[in-house]
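A short worksheet on the structure shown next.
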Amino acid sequence: MIVIFDVDGVLIDVTKSYHYSIKDTVEHFSGKISDLKELIDIKLSFAINNDWDASVAGILYKKSGKNLKEFKDIFKDYSKNIEDMYKFAKNYNINLPDYKEVIDYFESKYHIYRDKEELIIPHNVLQKLREKSEIMGVITGRPFADLDYSFKLFDLYKYFDYIITEDDIPDTHLRKPSSYPLKLFFCRYSYKEPVYYIGDTKADKQMVDNFNKEEMKNIIFILYQNQHNKDIQNDLKVEKPEDILEVIK
-7 MIVIFDVDGV LIDVTKSYHY SIKDTVEHFS GKISDLKELI DIKLSFAINN
43 DWDASVAGIL YKKSGKNLKE FKDIFKDYSK NIEDMYKFAK NYNINLPDYK
93 EVIDYFESKY HIYRDKEELI IPHNVLQKLR EKSEIMGVIT GRPFADLDYS
143 FKLFDLYKYF DYIITEDDIP DTHLRKPSSY PLKLFFCRYS YKEPVYYIGD
193 TKADKQMVDN FNKEEMKNII FILYQNQHNK DIQNDLKVEK PEDILEVIK
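Be aware that the sequence shown starts at -7, since it is given in this note's numbering, and climbs by one per residue.
Dropping the structure here:
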């Protein structure tokens, strides 16, 4: 059995770290007070898995002068990747900072908030899954430095055989929801069913669906349900860590 985890919102609660960093980054570059709920709504509605990109989308929203519904209506065709977001800025005469500036500021804020993170799935559950699994892995949109800090903080490395981070993705177009991260995973390990991917976003589910369709495989997606993703339809869902052990027999 192979079990692969997303990190943010599944292994680790980032509502007081990455989410706060998005808000601070948007406010810094837009010069406007932002509603965190609206920024997270944009991130989740358009399956923006990368929080640097979610910050850019939030800056565009605040600088557009539109209300949330109006912005989402005109932004939807530009939401798939960071290049299109910068095209949106050009088309609507919005001045955006350089992408690296956004990344650097975001990471500076994340380093302030990262100690507020909490472990979602406790060690006893991870240990039981480790005992059941031939291979356990991670596919995350975090850069390695961010993951390394949190994995050392929570002592998580001992459970996982292979970890794919933002640093392993050669092009922004290959991030989730692209199937590329899963294809990269199975370049290292032979595909052998059952395979489970535990995620919490549309981007996670779409990555699994895309992989299954392109490779004619059957990775089973488990939705880790929370207050932000109840609109995602999926046959298998869990609401607390212990439920994972019931789903994965």
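Just so you know, even glycine gets a beta-carbon here, dropped at the ideal spot from N, CA and C.
These numbers were taken from a predicted model, which means no experiment stands behind them.
1. Tell me, which residues are paired with Y257 by DSSP?
2. What residue from F67, F63, I14, Y181 has the CA that sits closest to V(-5)'s CA?
3. With a cut-off of 8 Å on the beta carbons, I'd call L174 and F152 a contact; round off their distance for me.
4. For L111, name the three-state secondary structure that DSSP assigns.
5. With H, G and I counted as helix, E and B as strand and the rest as coil, what does DSSP make of Y183?
6. Just list the residues that DSSP pairs M208 with in beta bridges.
7. Return the Cβ separation of D264 and R134 in integer angstroms, given the expectation that the two are a contact with Cβ distance under 8 Å.
8. What three-state label does DSSP hand K229 in the structure shown?
9. Check the DSSP bridge columns for V(-5) and list the partner residues they point to.
10. Are the beta-carbon atoms belonging to V48 and L237 less than 8 Å from one another?
11. Assign I214 to one of three DSSP states: helix, strand, or coil.
12. Check each candidate in D163, F63, F178 and name the one with the smallest Cα separation from K209.
13. Have a look at D76, G191, E62, K150 and flag the residue whose alpha-carbon is nearest the alpha-carbon of D5.
14. Among the residues of its own chain, which have a CB less than 6 Å from the CB of L88, if the five just before and after it don't count?
15. Can the beta-carbon of F213 be found closer than 8 Å to that of Y189?
16. Can you give the Cα-Cα distance for Y84 and K68, rounded to whole angstroms?
17. For a quick check, are the C-beta atoms of V230 and Y216 less than 8 Å apart?
18. Since Y78 is in the alpha helix (DSSP H), which residue starts that stretch and which ends it?
19. Do F21 and I51 have their C-beta atoms within less than 8 Å of each other?
20. Taking just the CA atoms, how far does N221 sit from D163?
21. Please look up how many angstroms separate the CB atoms of K168 and A195, rounded, as I've assumed it's under 8 Å.
22. Please name the residue in I74, I211, K144 whose C-alpha comes closest to that of H165.
23. Determine the direct distance from the alpha carbon of S56 to that of E62, and round the result to whole angstroms.
24. Would D(-2) be called buried (16 or more neighbouring beta carbons within 10 Å of its own) or exposed?
Well, looking at it:
1. Because the chain here runs from -7 to 241, residue 257 falls outside it and cannot be looked at.
2. Sequence index remark: in the sequence shown, residue -5 carries index 3 (1-based). The option with the nearest alpha carbon to V(-5) is Y181.
3. As a working mapping, residue 174 is identified with position 182 in the sequence shown. As a working mapping, residue 152 is identified with position 160 in the sequence shown. Their Cβ separation, rounded to whole angstroms, is 16 Å, which puts L174 and F152 out of contact at 8 Å.
4. On the sequence shown, position 119 is the one that residue 111 refers to. If DSSP states are grouped into helix, strand and coil, L111 belongs with the strands.
5. To locate residue 183, count along the sequence shown from 1; it is residue 191. Coil at Y183, not helix or strand.
6. Residue mapping note: residue 208 aligns to position 216 of the sequence shown, counting from 1. Partner(s): none; M208 has no beta bridge.
7. Outside the shown range of the chain (-7 to 241) lies residue 264, about which nothing can therefore be said.
8. Within the sequence shown, residue 229 is the residue found at index 237, counting from 1. Three-state result, K229: strand.
9. Residue numbering aside, residue -5 sits at position 3 when the sequence shown is read from its first letter. Answer by DSSP bridge pairing, in chain order: M128, Y188.
10. The count along the sequence shown starts at 1 and reaches residue 48 at position 56. The count along the sequence shown starts at 1 and reaches residue 237 at position 245. Cβ atoms of V48 and L237: not closer than 8 Å.
11. Taking the first residue of the sequence shown as 1, we reach residue 214 at position 222. If DSSP states are grouped into helix, strand and coil, I214 belongs with the strands.
12. Within the sequence shown, numbered from 1, the residue matching residue 209 stands at position 217. Minimum Cα distance to K209 is reached at F178.
13. Mapped onto the sequence shown, residue 5 falls at position 13. Closest by alpha carbon: G191.
14. Within the sequence shown, the letter at position 96 stands for residue 88. Closer than 6 Å at Cβ, skipping near neighbours: A81.
15. One-based indexing of the sequence shown puts residue 213 at position 221. One-based indexing of the sequence shown puts residue 189 at position 197. Going by C-beta atoms, F213 is nearer than 8 Å to Y189.
16. Residue mapping note: residue 84 aligns to position 92 of the sequence shown, counting from 1. Residue mapping note: residue 68 aligns to position 76 of the sequence shown, counting from 1. If you take the alpha carbons of Y84 and K68, they lie about 14 Å apart.
17. Along the sequence shown, one-based indexing puts residue 230 at 238. Along the sequence shown, one-based indexing puts residue 216 at 224. Yes, the pair counts as a contact, with Cβ atoms nearer than the cut-off.
18. Locating residue 78 in the sequence shown gives position 86, counting from the first residue. It spans 74 to 83 - the alpha helix (DSSP H) in which Y78 sits, taken as one unbroken run.
19. Working through the sequence shown from its first residue, we reach residue 21 at position 29. Working through the sequence shown from its first residue, we reach residue 51 at position 59. It is a contact, given that the beta carbons lie within the stated cut-off.
20. Taking the first residue of the sequence shown as 1, we reach residue 163 at position 171. Taking the first residue of the sequence shown as 1, we reach residue 221 at position 229. Going from the Cα of D163 to the Cα of N221 covers about 27 Å.
21. Translated into the one-based positions of the sequence shown, residue 168 becomes position 176. Translated into the one-based positions of the sequence shown, residue 195 becomes position 203. Yes, they are in contact, since the Cβ atoms of K168 and A195 sit about 4 Å apart, within 8 Å.
22. Position 173 of the sequence shown, counted from the start, is the residue given in the question as residue 165. Cα-wise, what sits closest to H165 is I74.
23. The sequence position of residue 62 within the sequence shown is 70, counting from 1. The sequence position of residue 56 within the sequence shown is 64, counting from 1. Between E62 and S56, the C-alpha separation is close to 10 Å.
24. In the sequence shown, counting from the first residue as 1, residue -2 sits at position 6. Label assigned to D(-2): buried.
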